[in-house]
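A.B. asks: Quick one: the structure is below, and I'll ask about it shortly.
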Amino acid sequence: MPKNKFNGYSELGVGIGLRVPHYNHILSKKPTVEWFEIISENFLADGGRPLEILDQILEQYTVVMHGVSLYFGSPQETQTDHLSRLKALVRRTKTPWLSDHLCWGSVDGTYTHDLLPLPYTHATADCAASKIKRVRDFLEVQIAVENLSSYAEFKASEMTEWEFLSEVVEKA
């Protein structure tokens, strides 16, 4: 199969999610896995067992970060403290990229702790692309954007989902 010409990461192979029930197995059996994906927010605390385990995993494996709270579609800026903690984790893991969802989840500083769909508009694409660029520049790591499952359409949408995703990626 040819290498994916636009991302350059095809050589990393296939990874799986690193979850608490698997820690002991991974550390004792050292399975043949090319990389593990972590949920970034699970490793933002100062110290503790999760970071101890992560450091042991990092001795053997590549780790890729996946987030659930950057809310690229929310116009509200991501809190500086959160970004600073993410940046420290990016440096600790040496992740080749960080992924998060193209969604919204906060209004006026109140977080829903949910991943909510966006209307497919040019204004929303501009907002998301701008935020992705700011986060990428601050974290100094490539950003992968995950689309949400969406079972309804907004009346305000001006384009299809794939056109919207393409516009966000092109502008970011």
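Residue numbers are given in the working numbering: position 154 of the sequence shown equals residue 154, and the series is strictly consecutive.
We treat Cβ as the ideally placed atom computed from N, Cα and C, and that holds for glycine.
None of the values given here were measured: they were computed from a predicted structure.
#1: Residues in the same chain with beta-carbon distance under 6 Å from GLY67, minus the five sequence neighbours each way, listed in chain order, please.
#2: Take the Cβ of VAL14 as the centre, count every other Cβ of all protein chains shown within 10 Å, and call the residue buried at 16 or more, exposed below.
#3: Can you check DSSP and say which residues form a bridge with ALA35?
#4: Just the C-alpha distance for TYR120 and TYR111, rounded to the nearest angstrom, thanks.
#5: Quick check on MET1: does DSSP put it in helix, strand or coil?
#6: Assuming LEU139 and GLY73 are in contact, meaning their beta carbons sit under 8 Å apart, how far apart are those beta carbons, in whole angstroms?
#7: Please report how far the alpha carbon of GLN142 lies from the alpha carbon of HIS82, in whole angstroms.
#8: To the nearest whole angstrom, what separates the beta carbons of LEU12 and PRO96, a pair I think is in contact under 8 Å?
#9: For GLU174 versus LEU102, is the C-beta spacing smaller than 8 Å?
#10: Give me the residue from LEU115, PRO21, GLY109 and TRP35 with the minimum Cα distance to SER69.
#11: Using a threshold of 8 Å, state whether the C-beta atoms of TRP35 and VAL64 are closer than that.
#12: Under 8 Å, do VAL135 and THR78 count as touching if we go by C-beta distance?
C.D. replies: Taking the coordinates as given:
#1: Counting only residues of its own chain and dropping the five nearest sequence neighbours on each side, GLY67 has a CB closer than 6 Å to the CB of SER40 and ASP100.
#2: Exposed.
#3: This sequence places Trp at residue 35; Ala is not what is there. Under the DSSP definition of a beta bridge, TRP35 partners with GLY15 and THR62.
#4: Here the alpha carbon of TYR120 sits roughly 22 Å from the alpha carbon of TYR111.
#5: At MET1 the pLDDT is 40, less than 50, meaning the model places this residue with poor confidence and gives no usable figure here.
#6: LEU139 to GLY73, Cβ: 18 Å. No contact.
#7: Straight through space, the alpha carbons of HIS82 and GLN142 are spaced by roughly 18 Å.
#8: Contact holds; Cβ gap of about 7 Å.
#9: With the chain covering 1 to 172 only, the question about residue 174 has no answer from this structure.
#10: When only C-alpha atoms are compared, the closest one is LEU115.
#11: Contact: yes.
#12: A contact, by the Cβ cut-off of 8 Å.
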